[in-house]
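Anchor point for the sequence shown: position 34 equals 34 in my numbering, and the numbering is continuous, going up by one each time.
By construction, the Cβ of each residue, glycine as well, lies at the ideal position given by its N, Cα and C atoms.
Keep in mind it's a predicted model, so treat the numbers as computed, not measured.
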Amino acid sequence: MSTPADGAARSENPTPSGPRRLPRRLVQLYAGLALYGASSALLVESGLGLEPWNVLHQGLAELTGLTIGVVSIIVGAAVLLLWIPLRQRPGLGTVSNVFVVGIAMDGTLALVPDAHSLAIRIPLLVTGILLNGVATGLYISADFGPGPRDGLMTGLHRRTGRSIRLVRTVLEVVVVATGFALGGTVGVGTVLYAVAIGPLAQLFLRVFAVRTAPVGSTVVAAGQPERAILPG
């Protein structure tokens with residue numbers, strides 16, 4: 001789910017307010033990951049196109065007979081293994097991303113009835129994209145490490161010297177093409193997601209930025225995480 005079902009955040013720096021911020025950051029992390037899985041499920045239900053990595057997950061689900069959430073977990077774990085030669089170091093958010101997004105996706109799909117009318121499918125698509133932006137802002141701002149797919153992207157960027165933009169584009173073209181060939185859904189929703197997720201994620205990164213309180217100062221906003229990688 002990059003997924004990123006997958007976002008990278010700044011390195012953690014201990015601050016005097018760290019212990020007080022930890023509960024909020026944990027809530028943001030797991031709420032964001034659960035909401036990410038739920039929002040992805042709404043895109044699946046809309047049938048109008050998925051985000052790039054879920055095109056692959058859906059195609060593999062069609063091939064194997066597994067649920068899309070289980071496939072997301074398996075792919076996330078496999079991608080995480082690729083971190084070893086890239087010398088990437090996972091965090092709590094990295095490992096949690098692998099499991100929580102897939103479980104939330106399958107849980108939501110089990111609860112939401114099938115939609116057949118465009119009058120229902122279009123609102124599902126729009127709601128899914130909007131909630132995906134909210135989810136991205138929540139879990140990236142929690143700052144517990146990148147998701148497995150974003151870590152793969154940044155690791156390849158460092159090892160190859162190619163730009164993040166190029167590495168991300170190549171990865172997403174490959175996963176979309178592979179997923180589509182296996183039966184994953186590519187459509188107007190895929191395009192709309194690609195156009196909308198960047199601005200939405202940037203907005204909600206500002207909304208959910210965790211505040212810090214340096215010694216001798218009033219509480220100030222820490223701002224959005226540096227080097228945030230928006231999921232695709």
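Point to revise | Residue from L29, I122, A38 whose Cα sits closest to the Cα of L111 | key: Ranking L29, I122, A38 by Cα distance to L111 puts A38 first.
Check your understanding: Between A31 and the rest of its own chain, which residues show a CB-CB distance below 7 Å, the 5 nearest in sequence each way excluded?
Key -> Only residues of its own chain outside the window of five on either side were considered, and among them L138 have a CB closer than 7 Å to the CB of A31, listed in chain order.
Check your understanding: Just curious, the alpha helix (DSSP H) that S117 is in, first and last residue?
Key -> Premise fails: S117 is in no alpha helix (DSSP H) and is neither H nor E.
Check your understanding: Which ranges would you report for the beta strand (DSSP E) in the region 7-86 if only whole runs of at least 3 residues count?
Key -> Segments of the beta strand (DSSP E) lying fully in the region 7-86: there are none.
Point to revise | Secondary structure of S163, DSSP reduced to three states | key: Under the three-state reduction of DSSP output, S163 falls in the coil class, being neither helix nor strand.
Review point. Hey, would you say V70 sits closer than 8 Å to G102, going by beta carbons?
Key: Yes.
Check your understanding: Which word fits G198, buried or exposed, when buried means at least 16 other C-beta atoms lie within 10 angstroms of its C-beta?
Key -> By the neighbour-count rule (16 or more Cβ atoms within 10 Å), G198 is not buried but exposed.
Practice item. To the nearest angstrom, report how far apart T178 and F144 are at their CA atoms. Key: Taking the straight line joining both Cα atoms gives about 30 Å.
Review point. Closest to V195 by CA distance: which of D106, L118, L82, G133 is it?
Key: In terms of CA proximity to V195, G133 leads the group D106, L118, L82, G133.
Check your understanding: Cβ atoms of M105 and S46: under 8 Å apart, would you say?
Key -> No.
Practice item. Report yes or no: do three or more beta-carbon pairs, one from the region 22-36 and one from the region 154-162, lie closer than 8 Å? Key: Output reads no: the region 154-162 does not touch the region 22-36.
Review point. Closest to A135 by CA distance: which of L203, W53, V170, G107 is it?
Key: Among L203, W53, V170, G107, the Cα nearest to that of A135 is on L203.
Check your understanding: Hey, is the region 140-156 in contact with the region 70-88, meaning 3+ C-beta pairs nearer than 8 Å?
Key -> Three or more Cβ pairs drawn from the region 140-156 and the region 70-88 lie within less than 8 Å of each other, which places the two stretches in contact.
Check your understanding: Taking DSSP as the reference, what is the three-state secondary structure of P214?
Key -> Confidence at P214 is low in this model, with a pLDDT of 47, below 50, so the placement of that residue should be treated as unreliable; the coordinate-derived value is given next. Residue state, collapsed to three classes: coil.
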